[in-house]
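Numbering (the numbering used here), first residue to last: 5 to 463.
In this text, a Cβ means the ideal position worked out from N, Cα and C, and glycines have one as well.
Model, not experiment: these values are computed from the prediction.
Have a look at the structure below, then the notes.
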């Protein structure tokens, strides 16, 4: 009996658990996230529902948003008029099995039958076959990967737990807006009758979704169908770079998320992130800055970080070094006035003496009044050069050739600008700091710990 149970464990691990982990973590043979600057994808599972799906379609129509519906075949069979309306209003219809049952507990032949039966129902109503498939709960088995020629498996990049009524519309709204970014594939549910769901949960989803769609309209973002998002990815310049570079980019972007979390970076313009920053203590040597100010070790500085994803996309879509520089300058022109305004309204930020960063792309900053200085020789300069050289070989329009031709010019530099100079340029003034009790002031001083210089600054 023990041997039998052990074999069942081995079989289930290779049949279901390992394929599920590979698809979720590495995105192997599945689509789960797109690219772009202004598009995201709304996807809805488990419907159609005779009560909530019509309300959802009305909402999408008001905001001219296109979505993808992964329908349960038995529900589609019972509500053909809703399937026809989805199709007529320009939405994409995908497959979510005939019954909402996990692929882990079905044989490969049974899964094929579930997909085919649902596809036949969709075809009988719309006259079009569906080639997009989302397994229930996003769970795949080993043989689902072999279906790539028949269907495109679609997962998601953002899930919100909207099938539970206790989440509520307010909290769901916060979660939706927090994930409202270009390229996101959002998973929501327009039916609450499946196992584990609450029947009235879609009511909260509809309230939260309308608020998110209003926010998306303000940001200039729009929802598109999954097939259009996949097409955008296939036409993206990222497809022209090698798999090795794509792997480097993936690790690089993942590190950015970890770095931002660990060091609590703030974003100047969250709706369109380009510059991040943190308040820290300067750990370098004494520097005489413009206007006679002196920056000493231990003085507070605002350390700038360029958003890795934005930097990658700008570099990938630039045809030359000049175009890359122009685009970065334009983004700086947009964010620096916002930063100056934030400093003028924050007494803690206003205590900083300078803006600080480290960059290999160090010609453009002079246009804004930054000083460009050599880094002291040492491990930090050497490690920064290695890291930023690797980075530049990926994002620069000329790739590694740029490093071979003018490697002597690609040296990390420190850039500095006095906070007073930034505020003067942007017609802002330092806020007046109110007197604080001695104990409170000492407590604030202790929260700002001394740190070593970061190697990812101003990539």
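**Item:** Cβ neighbours of residue 293 in the same chain (closer than 7 Å, five flanking residues each side left out)
**Value:** The residues are 299, 358, 375, 420 and 422.
**Message:** Tell me which residues share the same chain as residue 212 and place their Cβ nearer than 6 Å to its Cβ, disregarding the 5 neighbours each side in the sequence.
**Reply:** Excluding sequence neighbours, residue 212 sits near 173, 176, 177 and 180.
**Message:** So, at 8 Å on beta carbons, what are the nonlocal neighbours of residue 290 in its own chain, with the 5 sequence-adjacent residues on each side left out?
**Reply:** Excluding sequence neighbours, residue 290 sits near 298, 299, 300 and 301.
**Message:** Distance check for residue 137 and residue 116, CA to CA, integer angstroms please.
**Reply:** Distance between the alpha carbons of residue 116 and residue 137: 11 Å.
**Prompt:** Taking the continuous beta strand (DSSP E) assigned at residue 138, which residues delimit it?
**Reply:** Element bounds for residue 138: n/a, residue is neither H nor E.
**Asked** Across which residues does DSSP place residue 102 in a beta bridge pair?
**Response** Answer is none; residue 102 lacks a bridge partner.
**Request:** Would you identify the three-state DSSP class for residue 417, choosing helix, strand or coil?
**Result:** Strand, per DSSP.
**Item:** Straight-line Cα distance separating residue 93 from residue 343
**Value:** Our two residues, residue 343 and residue 93, have alpha carbons roughly 43 Å apart in a direct line.
**Asked** Quick one: complete alpha helix (DSSP H) runs, 4+ long, within the segment 225-298?
**Response** Within the segment 225-298, the complete alpha helix (DSSP H) runs of at least 4 residues are 230-238 and 247-266.
**Item:** Bounding residues of the alpha helix (DSSP H) (the contiguous stretch that carries residue 319)
**Value:** Note, residue 319: alpha helix (DSSP H), 312-320.
**Prompt:** Do residue 95 and residue 122 have their CB atoms nearer than 8 Å?
**Reply:** Against a cut-off of 8 Å, the Cβ pair of residue 122 and residue 95 comes out as no contact.
**Message:** Taking DSSP's pairing of strands, which residues face residue 193 in a bridge?
**Reply:** The partner list for residue 193 (beta bridge, DSSP) reads 49.
**Message:** Measuring only the C-alpha atoms, how far is residue 128 from residue 76?
**Reply:** Straight-line Cα distance between these residues: approximately 15 Å.
**Request:** Could you give the DSSP three-state label for residue 68: helix, strand or coil?
**Result:** Coil.
**Message:** Taking the alpha carbon of residue 98 as the reference point, which residue from 319, 120, 113 and 38 has its own alpha carbon closest?
**Reply:** Measuring from the Cα of residue 98, the nearest candidate turns out to be 120.
**Message:** Just checking residue 262 against the ligand ATP - is the residue's beta carbon closer than 7 Å to any of the ligand's heavy atoms?
**Reply:** Looking at this structure, you won't find the ligand ATP or any other ligand, since it has none at all.
**Request:** Give me the Cα-Cα distance between residue 169 and residue 192, rounded to the nearest whole angstrom.
**Result:** Those two C-alpha atoms are separated by around 13 Å.
**Asked** Hey, how far is the Cα of residue 47 from the Cα of residue 196?
**Response** When only Cα atoms are considered, residue 47 and residue 196 end up about 15 Å apart.
**Request:** Would you decide whether residue 248 is buried or exposed? Buried here means 16 or more other CB atoms lie within 10 Å of its CB.
**Result:** Residue burial is scored here from C-beta neighbours: residue 248 has fewer than 16 other C-beta atoms within 10 angstroms and is therefore classed as exposed.
**Asked** So, helix, strand or coil for residue 156, using DSSP?
**Response** Note: residue 156 maps to strand in three-state DSSP.
**Asked** Around the Cβ of residue 466, are there at least 16 other Cβ atoms within 10 angstroms (buried) or fewer (exposed)?
**Response** Because residue 466 is not part of the residues shown, which for the chain are 5 to 463, the question remains open.
**Item:** Residue from 108, 104, 85 and 107 with nearest C-alpha to residue 126
**Value:** Distance from the Cα of residue 126 is smallest, within the candidate group 108, 104, 85 and 107, for 85.
**Message:** If you measure between the beta carbons of residue 276 and residue 208, is that distance less than 8 Å?
**Reply:** Result no, Cβ atoms of residue 276 and residue 208 do not sit closer than 8 Å.
**Prompt:** Between which two residues does the alpha helix (DSSP H) harbouring residue 358 extend?
**Reply:** In this chain, residue 358 is not harboured by any alpha helix (DSSP H); it is covered by the beta strand (DSSP E) spanning 358-363.
**Asked** In this structure, does DSSP put residue 61 in helix, strand or coil?
**Response** It is helical.
**Prompt:** Which residues share a DSSP beta bridge with residue 378?
**Reply:** Residue 378 has 417 as its beta-bridge partners, per DSSP.
**Message:** Quick check on DSSP: helix, strand or coil for residue 301?
**Reply:** Reduced to three states, the DSSP call for residue 301 is coil.
**Asked** How long is the line joining the alpha carbons of residue 447 and residue 285, rounded to whole angstroms?
**Response** Model confidence at residue 447 stands at a pLDDT of 47, short of 50, so the residue's coordinates are unreliable; what they give is reported in the following sentence. Taking the straight line joining both Cα atoms gives about 16 Å.
**Request:** Could you check what DSSP says for residue 406 in three-state terms: helix, strand or coil?
**Result:** The predicted model places residue 406 with a pLDDT of 45, which falls under 50 and marks its position as unreliable, so this point remains unresolved.
**Asked** Alpha carbon to alpha carbon, how far is residue 141 from residue 106?
**Response** Residue 141 and residue 106 have their C-alpha atoms roughly 7 Å apart.
**Item:** residue 128: first and last residue of the uninterrupted alpha helix (DSSP H) it sits in
**Value:** Its alpha helix (DSSP H) spans residues 112-130.
**Asked** So is residue 316 buried or exposed if we call it buried at 16+ other beta carbons inside 10 Å?
**Response** With 16 or more other Cβ atoms within 10 Å, it is buried.
**Asked** I think residue 306 touches residue 356, with their Cβ atoms under 8 Å apart; what is that distance to the nearest whole Å?
**Response** The Cβ separation is near 5 Å, so the contact holds.
**Asked** What number of angstroms, rounded off, separates the C-alpha of residue 44 from the C-alpha of residue 217?
**Response** Approximately 11 Å between the Cα atoms of the pair.
**Message:** Which same chain residues end up closer than 8 Å to residue 210 when comparing Cβ atoms and leaving out the 5 residues on each side of it in sequence?
**Reply:** Listed in chain order, the non-local C-beta contacts of residue 210 below 8 Å within the same chain comprise 56, 59, 60 and 63, local neighbours out to five positions each way being set aside.
**Message:** Could you check whether residue 427 and residue 433 sit closer than 8 Å to each other, using their CB atoms as the reference points?
**Reply:** Against a cut-off of 8 Å, the Cβ pair of residue 427 and residue 433 comes out as a contact.
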